[in-house]
Structure formats: structure tokens, C-alpha cells
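Participant: After the C-alpha cells below, expect a handful of questions from me.
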Amino acid sequence: MQQTRDERDGAIDDILNKAQLKASSEDTTSPGCENQKCSVDQVFQINSRTAWQSAADTSCAPQWIKATLSEGHAVYSFSIQYGSLEPPPSVNQPNSNTLVVPEFMFMLQDKAGSMLDVTKSLACGSKVVNGTTIDVCKISWDDTTVATAASKAYGCQWTWTLSPKSAGKPCQMNIEEIILTGSVAGDGAQATSTSGPTLPLIPANPSVGSGNGQTQSQSQDQATSIGAIIGYVFLALVIGAVGGILFVRKRNLERRKRARRLLAENNQFNRYSHDETCLTSSR
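Residue 1 is where the sequence shown starts when you use the UniProt record's numbering, and the numbers rise one by one after that.
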């Protein structure tokens, strides 16, 4: 399948939707999780009330999501919107503009499949909004090894270490949305750069819970807008990048709308052709 120009000219985009995702586990037994409704692919769904939900685990083993790309991409930043099942072990200074190394692990994958831990090269902020936590992280390219890995990555992995809410209770994780910003490797990415050229996309409408599994829901009109999120979260992190964040997110949503419109037009054409065939046959 031929790629569009904006996918080949170094344009910054959400590259997670090009990846194949795999998770440590998926919940298939909780109410609302039937028919893959809590599968890892749910983190693709921007602004929808769906989520990846891990299987309940009494051993509280680490949970992870791995994304594999078919070609090399420069990776710059990411945002994670958590659900409400598990207090996320994200950054250790929530609701602060101070950028810190997160408590989860983030690794980049090369073409051979080897993984490099680049967690210490992340600068992250975190904010609790309407009961959901949002982490925003940028990858520093100051280290040559990290810059080389980030300039042509074939995948990445997030790993979270969980602890029970109370003694004897199983651990469970859910994530509503992950957005990974990057561009096709070689089309604008420079390994010599000290940092990626853009900051993360931020979820536009965080809500309480995910709407599937054992979570709560919240009406859309109560959700916090993108402007409010930017006002709350990581002021130092988003200065100078608001335009880029909004542009990439707007383009993602426009693509989905265009795809739905084309599908509707195709269905209408098929119905028209069917009616004409029936009319001709009756004559």
C-alpha cells in the first residue's frame, strides 16, 4: 500500500496507529470486556470510552504494552491517559510542572529486535484531571546511544510495576489512550539533534474510567477540553508546541471522519446500483 506524502516527508504524526500492539495480558472475563472490548487495540481509539484492561493478577506481575513498526521511525514523545482501575505508577510528582524521569519503564526496539532502556532520557509530567491521570513524556536525544535508537526505532515498549490497592487484592491495569509522536526515519529526523522536534499530543477529552470493564463513565460535556488540559499540564513542556499538538491531533481526527464519509458514500452507491439492477430486471 502506497504511503501518502505526509507520511513520507518527515511530518510529525501519531505513529502508534501504524504499529502492531501486544500486551502482557487482556481482560476477557470482567463485565463489559467480552468480544475483545478490553483488548490492547482499544488504546488506538482517540476520544472513545474504551480501554485496554489487563487481566486481574494476584501476583501483581508487571504489565506491559509493546508496539512493533514495520519500518524505522524517529520517536519523539508520547502521552498516556490511564483508566481508573489501578492508581498508575507514573511520575512521582503529579500535578507539578517539574519534569521528572517516570516510574514506569520505556524501551525502544531496533531492526534486529533488540531493546534499549531509554527511561532515564525521558522528561515527564503528570496531571490528574477528572479522576484520570495523564502522563506526557518527551525523549531527550542528548545521549548519542539514545539519539541513534530514537532516530530509527522499529518499536517500543512500556512496562508498569503494579502494587495492590489493599492486601490480598489482585492488581489490574487499564489505559484509555496512548499517542506516540514521530516521523518516518530519514525524512526529517536527525540523530545529531539534542531533542525531538515536537512535544506529545495530549488527549482532548479525558473522562473518568473507560466505559468498559469495572469502570465508571462521565458525560462528554463534563470532560475537560484540550485548552484546559494545556492550561493545567506541564506549562514548561508545552510552550511553543501547542500549534503542533493541535495540528497533528486535528489531522488524525479528520482522517477518521474522511474514512467514515467515504465508506458511507460507497454504501450509498452500492444501494443505488442494486436498485437500478432490480429495476432493469423487472423490465
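Every residue, glycine too, gets a C-beta built ideally from N, C-alpha and C.
Go ahead and pull the three-state DSSP assignment for serine 121.
Facilitator: DSSP places serine 121 in helix when its eight states are reduced to three.
Participant: How many angstroms separate the CA atom of asparagine 174 from the CA atom of valine 136?
Facilitator: About 17 Å.
Participant: Can you say whether serine 84 is buried or exposed, counting buried as having 16 or more other CB atoms within 10 angstroms of its CB?
Facilitator: When all chains shown are included, serine 84 counts as buried.
Participant: Taking C-alpha atoms, which residue in Asp57, Ile80, His73 lies nearest to lysine 152?
Facilitator: Minimum Cα distance to lysine 152 is reached at His73.
Participant: For the beta strand (DSSP E) that alanine 74 lies in, which residues bound it at each end?
Facilitator: Element bounds for alanine 74: 63-82.
Participant: From tyrosine 82 to glycine 186, what distance separates their C-alpha atoms?
Facilitator: Distance between the alpha carbons of tyrosine 82 and glycine 186: 32 Å.
Participant: Do you know how far the Cα of glutamine 53 is from the Cα of methionine 115?
Facilitator: Computed Cα separation, rounded: 24 Å.
Participant: Is DSSP giving threonine 145 helix, strand or coil here?
Facilitator: It is helical.
Participant: Would you list the one or two residues that DSSP bridges to cysteine 60?
Facilitator: Note: cysteine 60 sits in no beta bridge, so no partner.
Participant: Where glutamate 103 and tryptophan 160 are concerned, what is the direct C-alpha to C-alpha distance, given to the nearest angstrom?
Facilitator: Cα to Cα, glutamate 103 sits roughly 8 Å from tryptophan 160.
Participant: Let me know the secondary structure DSSP gives asparagine 130 once reduced to three states.
Facilitator: Coil.
Participant: Locate the beta strand (DSSP E) running through glutamine 20, then write down its first and last residues.
Facilitator: Here the beta strand (DSSP E) through glutamine 20 covers 20-23.
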